[in-house]
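The next block holds one structure in the form of structure tokens; read it before the comments.
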Ligand SMILES: [Zn+2]
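Residue numbers (our numbering), protein chains in the order written: chain X, -10 to 54; chain D, 95 to 349.
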């Protein structure tokens, strides 16, 4: 099998990139938290969003009640 | 050279599609089992809706109007898997950008597939084996905090175990170049890490003896399947985008 020989074309990991990357991951973790664990603290919708995404939470393997 | 933003946007888009399709799988394969579990719960009279005070008396509680109807929750399933897909896709892309240079393959596509496989094993498979997910109607609301913490721990341990496996397999190279040395070293480090973690973490089993085992496992495999669809599409979707992008770059360079 001929492996496609290609030079690696991603930005080098500078301190600045690392900071941006960590900030991005932080924001995305908030989004994941909203789906998986939030009980109104972030969504500010009471339990509405929690209940709305209830089936998804169970099927994504997250513990729930 | 791809910019970080470029890599990230690809991940978010691929994650959205992977999440939508995982939602479709979950809807077809999982919803019937959730409905069945809820039917058992209602027949059992142990009314449960979270977020509300435990009703003083169960019979009255059964008449409660749910905050979101069952149809609303079926729609919410797609919202949940899509948002979760976007989040995972973005984190996956950040991981790709940071780790790409350390992955020993010249192909971006193989790198994406390898990362997705590592993510699936660490974030899905390791937690699944220790704390298999339960349908609604199973589980004690009192222990939710404990179950959440132990679940998150298995997730971190899963990723650590994958990392330990990769590191050990590279380290094992110095003991010779027989073809079995690297997989043996990597596999050993991976297995030792998760076995130690499984022994230390508490066992949690809140499934009532009366709950049908078949239904329980049908639900669990639907859940595993949903996440398998999500990660498979994440990996192949990202790999495909990388491949296309590379070709475009080549043409541009050649032109
Ligand atoms: Zn639940």
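All C-beta atoms, glycine included, are put in the ideal place defined by N, C-alpha and C. Note that the structure is predicted; figures quoted are calculated from it, not measured.
- Residue 107/D is outside the set of residues whose beta carbon lies under 8 Å from a beta carbon in chain X.
- Considering only beta carbons, the part of the segment 41 to 53 of chain X lying closer than 8 Å to chain D consists of 41, 42, 43, 44, 45, 46, 47, 48, 49, 50, 51, 52 and 53, in chain order.
- Relative to the Cα of residue 257/D, the nearest Cα in the group 189/D, 293/D and 202/D belongs to 189/D.
- In the three-state scheme derived from DSSP, where H, G and I count as helix and E and B as strand, residue 38/X is classed as helix.
- Scanning chain D for C-beta atoms nearer than 7 Å to the C-beta of residue 8/X yields nothing, as the closest lies near 11 Å away.
- DSSP places residue 276/D in the uninterrupted alpha helix (DSSP H) bounded by 275 to 294.
- In this structure, DSSP gives residue 54/X a state outside helix and strand, which the three-state scheme calls coil.
- In its chain, beyond the 5 residues on either side, 284, 287 and 288 have a beta carbon closer than 6 Å to the beta carbon of residue 255/D.
- Assigned with DSSP and collapsed to three states, residue 49/X falls in coil, not helix or strand.
- Exclusion of the five residues before and after residue 220/D leaves 248, 251, 252, 255 and 288 as the residues of its chain whose Cβ lies within less than 7 Å of its Cβ.
- Straight across, the Cα-Cα distance linking residue 186/D with residue 138/D is about 42 Å.
- Boundaries of the alpha helix (DSSP H) around residue 106/D: 98 to 123.
- In the displayed model, residue 5/X falls within a helix according to three-state DSSP.
- DSSP, read as helix, strand or coil, puts residue 268/D in helix.
- Linking residue 115/D to residue 269/D through their CA atoms gives a straight-line distance of about 45 Å.
- By the 16-neighbour rule on beta-carbons within 10 angstroms, residue 232/D is buried.
- Around the beta carbon of residue 194/D, a 10 Å sphere encloses 16 or more other beta carbons of the protein chains shown; the residue is thus reported as buried.
- Within the segment 185 to 203 of chain D, 185, 188, 191, 192, 194, 195, 200, 201 and 202 place their CB atoms closer than 7 Å to a CB of chain X, listed in sequence order.
- A straight-line Cα-Cα distance of about 31 Å links residue 15/X and residue 125/D.
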